[in-house]
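FYI, in my numbering the residues of the sequence shown are 8 to 179.
We put the beta carbon where it would ideally sit given N, CA and C, even for glycine.
Written out below as structure tokens is the structure these notes cover.
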Amino acid sequence: MGMLSVRPFEVGDWALYRAVRLAALADAPDAFGSTLEREQAFTEERWRERLAGRDQFLAEDSGQACGLIGIVPTGPRTADLVSMWVAPAARGRGAADLLVGEALRAADAGGIACVELWVTQGNDRAERLYARHGFHRTGRVQPVREGESRLEFAMKRRAATDGSKATTQLPH
Ligand SMILES: CC(C)(COP(=O)(O)OP(=O)(O)OC[C@H]1O[C@@H](n2cnc3c(N)ncnc32)[C@H](O)[C@@H]1OP(=O)(O)O)[C@@H](O)C(=O)NCCC(=O)NCCS
């Protein structure tokens, strides 16, 4: 078992980003609003734009890519946490906690007061992960993809500086 670490992606990392993101979509198609087929068609320019437009972090296991997370601004002080994925071989060792921790540090440093995300119904492992980092369900629910019956629910976390404490809360 190797050493886990997390670092930001640089715009020049677009091919590595594409490889990790496509691996995530192939591995866990039910966890994401997008699809492998859709993103396989993205051009280099599109991947570069995605890296430039959001903070993204890469998890590595002894230097080998093993996970991904992104923070997409949705307003001056709000952002969505997206693309959370840890490769199956690296799960259960804290890579997800490292990724969420880095993404939230970046959000806090950028003055983001409220971070939101969507979790597919039944993805209990992901829900427990987010709850450990202070997220709680908002009550909002929507289909994972247009025209599909599977649902996803919203979770939200307010920054500690935003009046309410970002402590771990049980989902309800
Ligand atoms: C959701 C996901 C990112 C979580 O990653 P993970 O590595 O499995 O999760 P964790 O690091 O939280 O580890 C899982 C378990 O190992 C435990 N664990 C965490 N760090 C640990 C460590 N250092 N040593 C031993 N166990 C550890 C956790 O307590 C957790 O247990 P729990 O789920 O019973 O609470 C991962 O399962 C995944 O990529 N799934 C597919 C994609 C997906 O669902 N993405 C989320 C979209 S919203």
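Could you check which residue in V89, A33, G154 has the C-alpha nearest to that of V107? V89
What do you reckon, is the C-beta of L65 under 7 Å from a heavy atom of ligand 2? Here the bound small molecules are ligand 1; ligand 2 is not part of this structure.
Please name the residue, chosen from R165, S69, R98, that lies closest to L111 on a Cα-to-Cα basis. Scanning R165, S69, R98 for the CA closest to the CA of L111 turns up R165.
What is the rounded straight-line gap between the Cα of Q63 and the Cα of E134? 20 Å
Classify E52 as buried or exposed, calling it buried when 16 or more other Cβ atoms lie within 10 Å of its own Cβ. exposed
What are the boundary residues of the alpha helix (DSSP H) that E153 is part of? No alpha helix (DSSP H) contains E153, which DSSP labels as neither H nor E.
Kindly indicate which residue of R147, R100, G141 has the alpha-carbon position closest to the one of A120. G141
The beta strand (DSSP E) enclosing R164, as first and last residue numbers: Per DSSP, R164 belongs to the beta strand (DSSP E) from 158-165.
What residues in its chain sit with their C-beta under 8 Å from that of E17, if we drop five residues either side in the sequence? L58
On the three-state DSSP scale, how would you describe Q63? Looking at Q63 - three-state DSSP - the assignment turns out to be strand.
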